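The numbering of the sequence shown is the numbering used here, which starts it at 33 and goes up by one. Backbone N, C-alpha and C fix where the C-beta goes; we use that ideal spot for every residue, glycine too. In this text, all values refer to a predicted model and were calculated from it rather than measured experimentally. Working notes, structure below.
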Amino acid sequence: MMGANTGKKQKVDEENSNIIYSEIVTSIDKLQEIQDELEKINEEASDKVLKVEQEYSEIRKPVYDKRNDIIKAIPDFWLTAFLAHPVLGRLLNEEDLKIFKFLSSIEVEETKDVKSGYSITFNFNANPYFGNNKLSKTYTFLEDGPTKISGTTIKWEKGMGIPNVVAHKKKGKKRSRDKESFFTWFSEVTQKDDEDDALEIQDEVADIIKDDLWPNPLYYFEYDPDEVFDSDEVKIHHCFISVASASWISTCFISFFLSVHYLRISRFHITSWIISSKKLSCLRCK
C-alpha cells in the first residue's frame with residue numbers, strides 16, 4: 033500500500049514540476065517580448081537623439097569659428113589651456129612646449145552625420161620645426177570592423193624631429209609617456225578593435241581633447257589648481273580625469289545622455305549603450 037502511495041506522490045510531483053516548468057517557459061517568452069519592445073523604443077530614442085545632435089552640430093559650427101577668431105588674439109591661449117589640463121598637460125615634454133608656442137588654433141570637426149567619426153586639427157603658424165601648417169588626426173567609425181584612424185605625416189625640418197620616441201605598438205602594451213613627445217600621437221594610426229587595448233592611452237587623448245578641452249577651453253585657460261574642488265562645475269570638468277585613473281562606470285551614462293550639448297557618439301554606439309551596461313567616458317558625474 034505504501035508503495036502505491038509513493039508512486040502516486042511521485043506522479044503528482046512530476047505533474048507539478050511540468051506545470052511549473054511550463055509556466056516558467058511562458059514567463060520567459062513574455063519577458064523576451066517585453067525586452068524586444070524595449071529595444072525597439074531604445075532604437076527610436078537613439079535615432080531622435082542623433083537627429084537633434086546633427087541639427088545642433090551645424091548650429092555650433094559658426095559659433096566655434098567665431099570663438100577661434102577671438103582666441104587668436106590671445107597669446108598662447110591653447111598652450112596655456114593644454115598645460116592647465118590635468119591629463120593633457122602631462123603629455124608635453126620640453127621640446128613640445130617650444131613647438132606649442134606656434135600653435136594658433138585647435139579644431140574638432142565631426143562628420144556631417146555625426147555618427148561616422150570626427151577629426152582633430154592643430155593649426156600652426158610658420159615655425160622652424162616642421163613645414164606643415166596643420167596636423168590632423170581622424171577617427172572613422174565603421175559599423176563592421178575596427179575604427180579607422182589616420183594622421184598627418186609631419187614634415188620635420190632638417191635637424192628637427194622627435195628624439196625620444198618610445199612607442200609600444202604591440203598588443204596589450206600601453207604607451208610610455210615619460211619622455212615621449214606628444215607629436216608621436218599623430219603618427220599612431222593603427223586600427224583599433226574592441227579587443228585591442230594597445231591604443232587605450234591614444235584614444236583617451238582624442239576623447240579628452242574632443243569632449244572636454246574643445247567644448248570649453250576657457251575653463252582651462254582660467255584654471256586655478258588652488259580652487260576648491262568640491263563644486264559641481266569642477267566635478268563636471270574633471271569626470272574625464274577620474275575615469276582615466278579608475279574604473280569606467282556605466283551609471284555615468286544617465287547624466288551623459290541628458291547632456292545633449294556634449295553628445296558626440298554614433299547611432300549604433302548609442303543603441304548598444306542604452307541596451308547594455310558598457311564602460312564609457314562622460315562629462316558629468318553625480
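Tell whether a beta-carbon distance below 7 Å holds between residue 179 and residue 171. yes
With respect to the alpha helix (DSSP H) encompassing residue 251, which residues constitute its N-terminal and C-terminal limits? 249-253
Per-residue DSSP class, three states only, for residue 246: coil
What three-state label does DSSP hand residue 320 in the structure shown? Beyond the ends of the chain as shown, which are 33 and 318, falls residue 320; an answer cannot be given.
Starting from the C-beta of residue 194, find all residues in its chain whose C-beta is less than 7 Å away, skip the five residues before and the five after it, and write them out in chain order. 213, 215, 216
Between the alpha carbons of residue 51 and residue 65, how many angstroms are there, rounded? 21 Å
Straight-line gap, residue 63 to residue 175 (C-alpha atoms, nearest Å): 29 Å
Would you call residue 160 buried or exposed, if buried means 16 or more other Cβ atoms sit within 10 Å of its Cβ? exposed
Would you kindly work out how many angstroms separate the C-alpha atoms of residue 137 and residue 79, rounded to a whole number? 33 Å
In angstroms with no decimal places, state the Cα-to-Cα distance between residue 219 and residue 243. 21 Å
Cutting at 6 Å between CB atoms, please list the residues of its own chain near residue 112, excluding the five before and the five after it. 253
C-alpha distance - residue 154 paired with residue 72, whole-angstrom precision: 41 Å
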